[in-house]
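Working notes, structure below.
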Amino acid sequence: MSTPIDAKGKACPIPFMLAKAQIDAGETDFIVEVDNKAAVENLKRLAKSQAFSTSVEIDDSTFRVAFLRSGEKQKSDNPAPQPVSNGQTTANYVVFIGDDTMGTGTHELGRNLVRMFLYTLDQGEDLPSTVLLMNNGVKLAVDDEQCIGTFKSLQQKGVDVMVCGTCLNYYHIFDKLQTGTVGNMYEITQRFLAAGKVITV
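Residue numbering for the sequence shown follows the working numbering, beginning at 10 and increasing consecutively.
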């Protein structure tokens, strides 16, 4: 095994990209060292998508994520839209939520509006492929019971709810996340680039 890759203190998505570079170079056994849980989750998800197994050792504030090739990698990180059980389908568009309110009025009104938007989206026939939560928007998957319930419903219907890990860390709420998949900037950017359209809330 080669010398561990020191990605401690590196901003998202650098740890992810460093690991991806090792995989792209044909490495089958390596370690990446990081210092936050968001990076660990991103690395574990990358490993799974590329048919690597992982193990994590914790030494003080350092997480040592060991990668080991275990099979054939998945063909795509972004599968084609799939039909869901009640006749709804996911379509090739992304909903981007960058705040925990909608509009520029009072916070209470804005929060109610974003709840109503998400509920209406969940009840519609053409669902997005992905809902992306960034900046203050990540709080909707942490402390808003109604939004959390809607996100879980969307996930059950095939919608990917991706939550910015850097944002969770910034607000010190990573461990309070109730639903959704923690994502990094590389993955978020890929979702934007692959989308037929992006709806910003």
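Cβ atoms here follow ideal geometry from the backbone N, Cα and C, with glycine treated the same way.
Span separating the alpha-carbon of residue i from that of residue j
i      : j      : result
Gly192 : Ala47  : 8 Å
Asp69  : Ile23  : 21 Å
Ser162 : Thr12  : 44 Å
Tyr195 : Glu117 : 33 Å
Ala3   : Gly189 : Limits of the chain in this structure are 10 at one end and 210 at the other, which puts residue 3 out of reach.
Val104 : Asp169 : 10 Å
Gly146 : Asn178 : 13 Å
Asp33  : Lys57  : 15 Å
Glu154 : Phe160 : 10 Å
Ala28  : Val41  : 7 Å
Glu66  : Ile14  : 14 Å
Gln187 : Gly174 : 13 Å
Phe201 : Lys185 : 26 Å
Gly158 : Gly167 : 15 Å
Val210 : Asn45  : 29 Å
Met143 : Phe61  : 28 Å
Lys35  : Gln59  : One detail in the question is off: residue 35 reads as Gly in this sequence, not Lys. Roughly 11 Å separates the two Cα atoms.
Ala30  : Val74  : 15 Å
DSSP beta-bridge partners of residue i
i      : result
Ala75  : Ile40 and Ser64
Asp169 : Thr139
Lys206 : Tyr102
Val191 : Val172
Ile14  : Val41
Residue j beta carbon less than 8 Å from that of residue i
i      : j      : result
Arg78  : Thr113 : no
Val140 : Ile182 : no
Arg120 : Asp109 : yes
Arg124 : Cys156 : yes
Thr63  : Phe76  : yes
Ala16  : Val43  : yes
Val207 : Tyr102 : yes
Ile106 : Leu149 : yes
Quiz item: With contact counted as at least three CB pairs below 8 Å, one residue from each stretch, are the stretch 49–67 and the stretch 23–33 in contact?
Solution: yes
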